[in-house]
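These notes are about the structure you will find just below.
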DNA sequence: GTACATCAAATCGTATACGATCAGTGTGCG
DNA sequence: CGCACACTGATCGTATACGATTTGATGTAC
């Protein structure tokens with residue numbers, strides 16, 4: 236028995252938020268979830284508080300928890316944070332990347348390119364997530380790695396509200412990925428790699444901001 | 236009654252860790268803390284889990300919690316994370332900085348310079364913290380701001396082993412602060428400000444690493 | 001003397017119970 | 001007719017109780 240009940244509760248609620256079963260604003264009642272899980276409210280409570288700390292749910296004392304509402308400001312803030320952290324994680328990870336890792340990343344990006352031909356945006360998004368994870372997963376700094384993963388989780392949670400639909404960025408993304416891979420393959424300096432990764436992320440963020448009629452991010 | 240008991244417990248334990256009353260490795264027993272607070276273990280448990288999420292305590296299932304051990308690796312990771320985030324926070328905050336804020340920051344740095352003359356390292360460290368907080372506190376992105384504050388809290392918790400060991404950095408710090416202030420005053424680009432702030436932090440980190448006989452940080 | 005099984009104390013994990021707090025609703029008064 | 005206030009149902013916050021797990025020690029066999 237490796238899992239405590241509070242971990243089970245955490246996994247369940249977390250999963251449902253990320254895959255959209257609980258949409259933003261949905262009210263999370265401790266008693267109801269506990270009943271569904273066949274346990275008492277105590278472990279559920281702990282799970283909810285953990286989710287609150289990650290920003291996936293909003294919690295008000297004596298009132299209860301709801302799945303975090305997504306608005307463009309929240310998206311901006313999350314994406315901006317990721318724009319700072321993920322490139323750093325990638326740059327740190329680059330040193331630890333061997334041929335096998337690079338090969339896998341290259342395959343993922345090639346598959347993304349294929350998705351462009353096939354007009355398959357769902358697969359494209361999935362591959363995009365996997366590609367980025369492949370790049371930063373070797374980051375030797377666990378704090379930074381953790382922050383990046385949290386950021387992506389939050390983005391995944393708000394994917395349901397179709398914030399990430401910026402189709403005309405897809406082709407440029409693939410090219411920017413390719414450039415990044417070539418820098419890593421050539422053992423470019425960490426700063427160059429970080430710079431390229433940040434440009435990639437900032438471009439995506441600004442494409443969204445532009446579409447929403449907002450000013451571009453200063454970072 | 237604005238504070239719940241779990242918040243009180245959180246504040247108490249947190250305070251004791253940061254000010255050193257609970258030193259690293261100290262065993263945090265739920266029942267004992269609950270008794271001291273005059274409440275049951277449930278709120279204490281929640282507080283401990285929150286502290287775990289922040290990295291201030293280490294928690295093992297069915298065993299218990301201890302104050303996080305500090306080693307040079309942990310210091311490196313925390314400092315490296317801060318080296319990525321804090322400069323970004325400062326750059327974002329720069330746009331929102333008015334004259335009053337700049338003036339206050341200048342006063343703090345001048346006071347630090349005075350501490351150099353007076354050989355007052357304790358006051359110097361306190362002013363240093365305040366100076367940095369002054370810089371990033373106006374950051375309009377609450378996620379980034381939160382991450383920076385958590386980083387500083389962790390450093391505070393391990394302060395015993397950090398800043399006091401690299402006194403020769405103090406004078407350079409003041410000069411780097413001054414440079415940063417001048418960039419902000421001149422409305423330099425966010426990237427320039429970020430670059431200067433990162434150089435400042437990386438220099439401090441590398442001074443520590445060098446002294447510890449470790450290789451400099453790649454970021 | 002060492003290795004292993006067994007046991008007991010300490011501590012955590014969770015269930016249940018009850019008091020506290022809040023949002024919504026209805027009623028009385030202005 | 002509108003506002004203020006008390007009431008009510010739902011839900012959270014915490015106390016208490018007990019079972020589950022770990023750890024370290026003790027005893028026994030080899």
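Protein chains in written order, with our numbering: chain A, 236 to 454; chain B, 236 to 454. All residues carry an ideal CB built from backbone N, CA and C; glycine is no exception.
State the start and end residues of the unbroken alpha helix (DSSP H) segment that holds residue i.
i                      : result
residue 328 of chain A : 307–329
residue 347 of chain A : 334–353
residue 426 of chain A : 425–446
residue 407 of chain B : 404–420
Identify whether residue i lies in helix, strand or coil by the three-state DSSP scheme.
i                      : result
residue 302 of chain B : strand
residue 292 of chain B : strand
residue 386 of chain B : helix
residue 254 of chain B : coil
residue 398 of chain B : Low confidence applies to residue 398 of chain B: its pLDDT is 48, below 50, so where it sits in the model is not reliable, and the reading given next is rough at best. Three-state DSSP puts residue 398 of chain B in a helix.
residue 363 of chain A : helix
residue 279 of chain A : helix
residue 241 of chain B : helix
residue 452 of chain A : coil
residue 249 of chain B : helix
residue 356 of chain A : helix
residue 373 of chain A : coil
Using C-beta distances below 7 Å, list every residue in its chain close to residue i, excluding the 5 sequence neighbours before and after it, in chain order.
i                      : result
residue 290 of chain A : 303 and 389
residue 301 of chain A : 260, 261, 262, 263, 292 and 293
residue 456 of chain B : In the structure displayed, chain B extends from 236 to 454; residue 456 of chain B sits before or after that span and is not available.
residue 370 of chain B : 325, 328 and 340
residue 375 of chain A : 327 and 331
residue 433 of chain B : 318 and 322
residue 266 of chain A : 276
residue 414 of chain A : 431
residue 306 of chain A : none
List the residues that DSSP assigns as beta-bridge partners of residue i.
i                      : result
residue 263 of chain A : A:300
Is the Cβ-Cβ distance between residue i and residue j less than 9 Å?
i                      : j                      : result
residue 282 of chain B : residue 242 of chain B : yes
residue 321 of chain A : residue 436 of chain A : yes
residue 323 of chain B : residue 319 of chain A : yes
residue 253 of chain B : residue 391 of chain B : yes
residue 454 of chain B : residue 430 of chain A : no
residue 405 of chain A : residue 451 of chain A : no
residue 411 of chain A : residue 438 of chain A : yes
residue 379 of chain A : residue 315 of chain B : yes
residue 311 of chain B : residue 444 of chain B : yes
residue 308 of chain A : residue 393 of chain A : no
residue 458 of chain A : residue 373 of chain A : This structure cannot speak to residue 458 of chain A, because chain A is shown only from 236 to 454.
residue 288 of chain B : residue 285 of chain A : yes
Can you list, in chain order, the residues of its chain whose CB lies under 6 Å from that of residue i, leaving out five sequence neighbours each side?
i                      : result
residue 317 of chain B : 386
residue 278 of chain B : 240, 241 and 244
residue 257 of chain A : 251 and 302
residue 274 of chain A : 240
Ordered along the chain, which non-local residues of its own chain (more than five positions away) have a Cβ less than 8 Å from that of residue i?
i                      : result
residue 512 of chain A : Within the shown structure, residues of chain A are numbered from 236 to 454, placing residue 512 of chain A beyond reach of any answer.
residue 364 of chain B : 387 and 391
residue 446 of chain A : 401
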